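Residue numbering for the sequence shown follows the numbering used here, beginning at 101 and increasing consecutively. All C-beta atoms in this analysis are idealised placements derived from N, C-alpha and C, irrespective of residue type, glycine included. From a predicted model like this one, the values you see are computed outputs, not experimental measurements. Reading through the structure tokens given below for one structure.
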Amino acid sequence: MSSAPNPSKTQNLSGCELANPPPKSNHAQVALSEITRHPRFWFDDGNLVLLAGTVGFKVYRGLLAAQSPVFQDLFASATHAEEEYGGCPVVRLTDSPQDWSQLLDVLLPMTYVRISDSHRCQYEQISALIRLANKYQLESIERQAVECLKTVFTDAFEEWNSPPQDALKLADPQQVVEVVYLARLTNCSSMLPLACYHCALLGEEVLNSLTSDGELNSEDVRRCVGGYRQLCELKTTIPTRLFGHPPSVSCRSPIMCGELLRRLEEKAALVYETPKLLNSVEQWTLSFPLCGMCQEELDERDRARRRELWQKLPEMFGLVDEVKSWA
């Protein structure tokens, strides 16, 4: 007989790694004879079967109901359920089994292990937790998962500019589309400027194709398309702004540095063919050995340019009225 997890062991979320979004559930009615038992969340002494897609979770009704008023109402009707499986009432869900597996990992953890900076969860878990916690009014879990996502989509330039080594990374650029949706779902407007910026980088053609469920709404598509066009206009100014300067007055090799700056200005037009304007020039300028003083002045110009663009993001994407604090 499986031992019952302790509901007080809800895991603490503090970091996540972006991966592929979870698949959507097939909501077609599934015969009980076709149920696949979840390998971890099927407790022999459970008293309720949750059915998501074709996957069944045999769990403890009281443990889940104690954590959510929505669960209380949902499971109350299970006492008189028309369907039973192995003597237990069945509750059919419209969510995906992958999402429920992620949620139960937190609601019914098997150990005392907590998620920390050294043990990062995947984006698919954070996404599932936010959506299901919002749906089922699991406020603590939603709050922690949102805070995790905000470490990536921050509203502070210094935090964004100096991320930790294990900072979250997007495995698929189009995942930012769901981030905009999650920010809207949770009323967390502080994530929107940076999320919309990354959406804009998908390009106008891709943005205009995002019309299916769970993707950008029409107003946010217009925001991102408008932002994309502004970024495209700004990118033409970068080569001259960054590299169209004479060498530093303290430069000891002005002829060499002057030639390097000229070549950098030519290359910048190619580097910024796509408007990823928040990116630093540091990586792609390493092969151009400017002297220390010229490099320092270039870095200062680049940082000032990026900071200025950061400050403009709320206005660029029509979010000034929604975003109350932006540093």
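Pairwise C-alpha distance: residue j and residue i
| i | j | result |
| --- | --- | --- |
| R243 | D205 | 16 Å |
| T336 | H298 | 19 Å |
| C394 | C357 | 7 Å |
| F141 | D199 | 13 Å |
| P189 | L148 | 6 Å |
| L419 | V306 | 21 Å |
| T251 | S133 | 44 Å |
| F175 | R161 | 7 Å |
| E396 | Q222 | 37 Å |
| P293 | P414 | 5 Å |
| A381 | T254 | It should be pointed out that residue 381 corresponds to Val in this sequence rather than to Ala. Approximately 21 Å, taken between the alpha carbons. |
| S196 | L229 | 12 Å |
| V246 | L390 | 42 Å |
| F257 | S425 | 12 Å |
| C351 | S262 | 28 Å |
| S290 | Q274 | 19 Å |
| D272 | Q172 | 37 Å |
| H219 | S348 | Any reading at H219 needs caution, since the residue's pLDDT is 44, under 50, leaving its predicted position unreliable; the model's value is listed next. Cα-Cα distance, rounded: 46 Å. |
| L316 | P354 | 50 Å |
| L310 | E183 | 39 Å |
| F388 | D320 | 40 Å |
| L409 | I241 | 34 Å |
| L440 | R323 | Lying before the first or after the last residue shown, residue 440 is absent from the chain, which here runs from 101 to 427. |
| Q330 | T374 | 12 Å |
Residue closest to residue i, alpha-carbon to alpha-carbon, out of the options
| i | options | result |
| --- | --- | --- |
| E224 | M393, V276, D173 | V276 |
| L302 | V190, N317, Y328 | Y328 |
| R185 | E365, V349, V321, I135 | This sequence places Tyr at residue 185; Arg is not what is there. When only C-alpha atoms are compared, the closest one is I135. |
| M416 | S309, S387, C296, F257 | C296 |
| L398 | S425, E365, K412 | E365 |
| Q383 | V371, E258, L232 | V371 |
| L150 | V159, D144, F143 | V159 |
| G187 | V279, L163, G146 | G146 |
| V170 | D144, E239, S201, E183 | E239 |
| T194 | V130, E373, S318, I226 | V130 |
| Q202 | H138, S387, A166 | H138 |
| S379 | R322, R407, K367 | One point to set straight first is that residue 379 is Asn, not Ser, in the sequence displayed. Closest option to N379, Cα to Cα, is R407. |
| T340 | C332, A368, V325 | A368 |
| V155 | L316, V280, V191 | V191 |
| V279 | V325, L249, Y236 | L249 |
| C288 | N234, G326, D402 | N234 |
| Q411 | S168, E333, W260 | W260 |
| A404 | F143, Y281, L342, Q330 | L342 |
Local Cβ density within 10 Å of residue i, reported as buried at 16 or more and exposed below that
| i | result |
| --- | --- |
| I338 | buried |
| L377 | buried |
| A178 | buried |
| G153 | buried |
| L207 | buried |
| P346 | exposed |
| D313 | Low local confidence applies: a pLDDT of 45 at D313 is under 50, so the model's placement there is unreliable, and no value is given. |
| S227 | buried |
| A166 | exposed |
| L386 | exposed |
| Y281 | buried |
Minimum Cβ-Cβ distance from residue i to chain B less than 7 Å
| i | result |
| --- | --- |
| E365 | The displayed structure is made up of one protein chain only, and chain B is not part of it. |
The ligand GDP heavy atom lying under 6 Å from the CB of residue i
| i | result |
| --- | --- |
| V206 | What this structure holds is no ligand at all, so the ligand GDP is not there to describe. |
Do three or more CB pairs link the region 407-422 to the region 360-368 at distances below 8 Å? No, the region 407-422 does not touch the region 360-368.
Can you give, in chain order, each stretch of the alpha helix (DSSP H) that sits fully within the region 289-324 and has at least 4 residues? 292-300, 304-307
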